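Its first residue numbered 4, the sequence shown is counted upward by one per residue in my numbering. All C-beta atoms in this analysis are idealised placements derived from N, C-alpha and C, irrespective of residue type, glycine included. As the structure is a prediction and not an experimental result, all values here were calculated from the model.
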Amino acid sequence: MPGMGSGRGLGKGGGRGRNSGGAFGTGGFCVCAKCGAKSPHQQGTSCTSVKCPNCGHVMIREELLNK
Numbered sequence: 004m005p006g007m008g009s010g011r012g013l014g015k016g017g018g019r020g021r022n023s024g025g026a027f028g029t030g031g032f033c034v035c036a037k038c039g040a041k042s043p044h045q046q047g048t049s050c051t052s053v054k055c056p057n058c059g060h061v062m063i064r065e066e067l068l069n070k
């Protein structure tokens, strides 16, 4: 059959992606790593695309800061 190999692939590509495959879901906070300001996370918007309202630094997801 075409496309059927001998099963000797390298086995790559089985990872779970970002955040070990777990999404952070809705809710939570974006936190400024520089000054510590918090703002509620907006669904559909990455925290890293949000600037801190206090100092202008890029914000990160609270769960990533606590790792």
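Through-space distance from Gly47 to Gly25, alpha-carbon basis:
For the purposes of this step, residue 25 is identified with residue 22 of the sequence shown, where counting begins at 1. For the purposes of this step, residue 47 is identified with residue 44 of the sequence shown, where counting begins at 1. With a pLDDT of only 47 at Gly25, under the threshold of 50, the placement of this residue in the model should not be trusted; the figure read from the coordinates follows. A direct Cα-Cα distance of roughly 16 Å separates Gly25 from Gly47.
Using beta-carbon positions only, say whether Cys58 and Lys37 come within less than 8 Å of one another.
Numbered from its first residue, the sequence shown carries residue 58 at position 55. Numbered from its first residue, the sequence shown carries residue 37 at position 34. Yes, the pair counts as a contact, with Cβ atoms nearer than the cut-off.
Which residue from Gly39, Val61, Cys33, Cys55 puts its Cα closest to that of Gln45?
To locate residue 45, count along the sequence shown from 1; it is residue 42. Relative to Gln45, the option among Gly39, Val61, Cys33, Cys55 whose CA is nearest is Cys33.
What is the rounded straight-line gap between the Cα of Gly31 and the Cα of His60?
The residue you call residue 31 lines up with position 28 of the sequence shown. The residue you call residue 60 lines up with position 57 of the sequence shown. Going from the Cα of Gly31 to the Cα of His60 covers about 19 Å.
I need the straight-line Cα distance from Pro56 to Ser9, nearest angstrom please.
Position 53 of the sequence shown holds residue 56. Position 6 of the sequence shown holds residue 9. Roughly 57 Å between the two C-alpha positions.
Can you give the Cα-Cα distance for Gly39 and Glu65, rounded to whole angstroms?
Counting from 1 along the sequence shown, the entry for residue 39 is found at position 36. Counting from 1 along the sequence shown, the entry for residue 65 is found at position 62. Cα atoms of Gly39 and Glu65: separation of roughly 10 Å, rounded to the nearest angstrom.
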